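All remarks here apply to the structure that follows.
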Ligand SMILES: [Ca+2]
Ligand SMILES: [Ca+2]
Ligand SMILES: [Ca+2]
Ligand SMILES: [Ca+2]
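Okay, structure coming up:
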């Protein structure tokens, strides 16, 4: 018998590395093949309805767009949904130059006011839902604007973020005069040390007119909601403060209400805390804000809108779970709609722009509630993050794990192909890293051979040239 020649060690190592790469990339590949052979549409709109809604719901969907490159599996759309979850119409931003949709507001004439981004500018227009025509369009020379409201007839109230040199502001633009008639700069009221980075200082994402010359404003990166007085230019009210994450953590879309007793009340999507909260200020002007409602945080992922309805329920946009739902004060979901990709704002059309309703305290429902009654299986994009936080809790690296988990949850859904789960994506990344490392390792290991090969090739080229 001839002895079996033992395999050289380097070939054994190569075999193991190749198998490992294959094992890491296989789950994503299998999903990809499965996706290609099914007819399931990743942009699929669908509903789960316990009780028919009180009229048509309009949802703005931000969509995914990276440096001018749209992903057709993650389109920017406005979607109108009937009481039982039937899709009434879809307004697709890729039909023209809208790349992201943000705020949408029902107008008194039955039309909609739409805030969208286009390349390097902000698009604001009035949309006639019946004809799908734009009645008028304003193009504002500002970036990434999340909210513009129509006030005082034909004036636009604008939350203007991402100005250079901390020039973020709110302003009123008069459409008839074609000019800005009032503006208010954050730098006159806040030290430059608060908030976010130079290129996104305030991230002011919402502004609502809540009374005569009174504007509710949401500088997200300051973790607070304020009321700005147009005639005195002073801040009349403040809820939350920069870095006080127990109160608010980079919120979206606050809504102002008053209790039966006249107490200021703010309902807000507390986005980074994955919850919806309501605060009521008791005891007059120097009174304290008390949290009267806490919905979540399990079951929600980066909510960005919460509107109180006249029936006491609340409409919520649960962005990273790609859904919108109506919940009772006790957290029971009664109406739900799957609206990929990255829904931003929701409105019940015939109720008008953020109609408001009774405060949680006034319906005797103050308290903490978990969500229940969901009829949709929400996305598993949070699985990796959840696992990271759970696994490293209480260890010396808990802080780092949590911060990585947060980044992972916020960044990867935008870049992950729709057919991969979070785990498959993570595994494929490790497979890719291993493959690159292997290539580099081989290059080092074979450096002599590569060098000889190169110099032989060079001298051959030289000979031909002579
Ligand atoms: Ca709105
Ligand atoms: Ca608006
Ligand atoms: Ca607004
Ligand atoms: Ca809304």
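Residue numbers (the working numbering): 1 to 466.
Cβ coordinates follow ideal geometry from the N, Cα and C atoms, glycine included.
This one's a predicted model, so the numbers in the text were calculated from it and none came from an experiment.
- With a threshold of 7 Å, the Cβ atom of residue 148 counts as near ligand 2, since some heavy atom of the ligand is closer than that.
- Residue pairing of residue 257 in beta bridges, as defined by DSSP: 265.
- Rounded to whole angstroms, the Cβ separation of residue 279 and residue 102 is 24 Å, and the two are not in contact under 8 Å.
- If you draw a 10 Å sphere on the C-beta of residue 463, you find fewer than 16 other C-beta atoms in it, and that means exposed.
- By the neighbour-count criterion, in which a residue is buried when 16 or more other Cβ atoms sit within 10 angstroms of its Cβ, residue 231 is exposed.
- Relative to the non-hydrogen atoms of ligand 1, the Cβ of residue 354 comes within a distance shorter than 7 Å of at least one.
- Counting C-beta pairs with one atom in each stretch, the region 311-330 and the region 338-358 have three or more that are closer than 8 Å, which means they touch.
- Within the model, the alpha-carbon separation for residue 20 versus residue 304 is close to 40 Å.
- CA-to-CA, the gap between residue 294 and residue 31 works out to about 38 Å.
- By the 16-neighbour rule on beta-carbons within 10 angstroms, residue 433 is exposed.
- Going by DSSP, residue 408 is part of the alpha helix (DSSP H) stretching over 398-415.
- The region 9-83 is shown to contain whole beta strand (DSSP E) runs of 3 or more residues at 46-49, 57-61, 77-81, in chain order.
- Short of 6 Å from the beta carbon of residue 428, and not among the five residues preceding or following it, lie these beta carbons of its own chain, in chain order: 25, 28.
- Comparing alpha-carbon positions, the option among 248, 127, 156, 302 lying closest to residue 266 turns out to be 248.
- When distances are taken from the beta-carbon of residue 124 to the heavy atoms of ligand 1, even the shortest one reaches 7 Å or more.
- DSSP, reduced to helix, strand and coil, places residue 296 within a strand of the structure shown.
- Rounded to whole angstroms, the Cβ separation of residue 115 and residue 146 is 7 Å, and the two are in contact under 8 Å.
- The C-beta distance from residue 168 to residue 207 rounds to 12 Å, too long to fall under 8 Å, and the pair is not in contact.
- Between the region 433-451 and the region 403-414 there are fewer than three C-beta pairs closer than 8 Å, too few to call the two in contact.
- Residue 306 sits in a strand when the DSSP states are folded into three classes.
- Residue 361 places its beta carbon 8 Å or farther from that of residue 59.
- Going by C-alpha positions, residue 193 is about 28 Å away from residue 276.
- In the structure shown, the three-state DSSP call for residue 462 is helix.
- The beta-carbon distance between residue 348 and residue 50, rounded to whole angstroms, is 16 Å. This is too long to meet the 8 Å contact definition.
- In this chain, residue 231 is not harboured by any alpha helix (DSSP H), its DSSP state being neither H nor E.
- Taken through DSSP and simplified to helix, strand or coil, residue 437 comes out as helix.
- Inclusion of residue 376 and residue 309 in the CB contact set at 8 Å is not warranted, their separation being larger than that value.
- In the structure shown, residue 156 falls within a strand segment according to DSSP collapsed to helix, strand and coil.
- Ligand 2 has no heavy atom closer than 7 Å to the beta-carbon of residue 236.
- Straight across, the Cα-Cα distance linking residue 281 with residue 77 is about 37 Å.
- A direct Cα-to-Cα measurement between residue 440 and residue 23 gives close to 20 Å.
- In this structure, ligand 2 has no non-hydrogen atom nearer than 7 Å to the beta-carbon of residue 154.
- In this structure, the C-beta of residue 253 approaches ligand 4 to less than 7 Å from one of its heavy atoms.
- Beta-bridge partners assigned by DSSP to residue 372: 332.
- Secondary structure at residue 341: coil, using DSSP grouped into helix, strand and coil.
- Going by C-alpha positions, residue 90 is about 16 Å away from residue 106.
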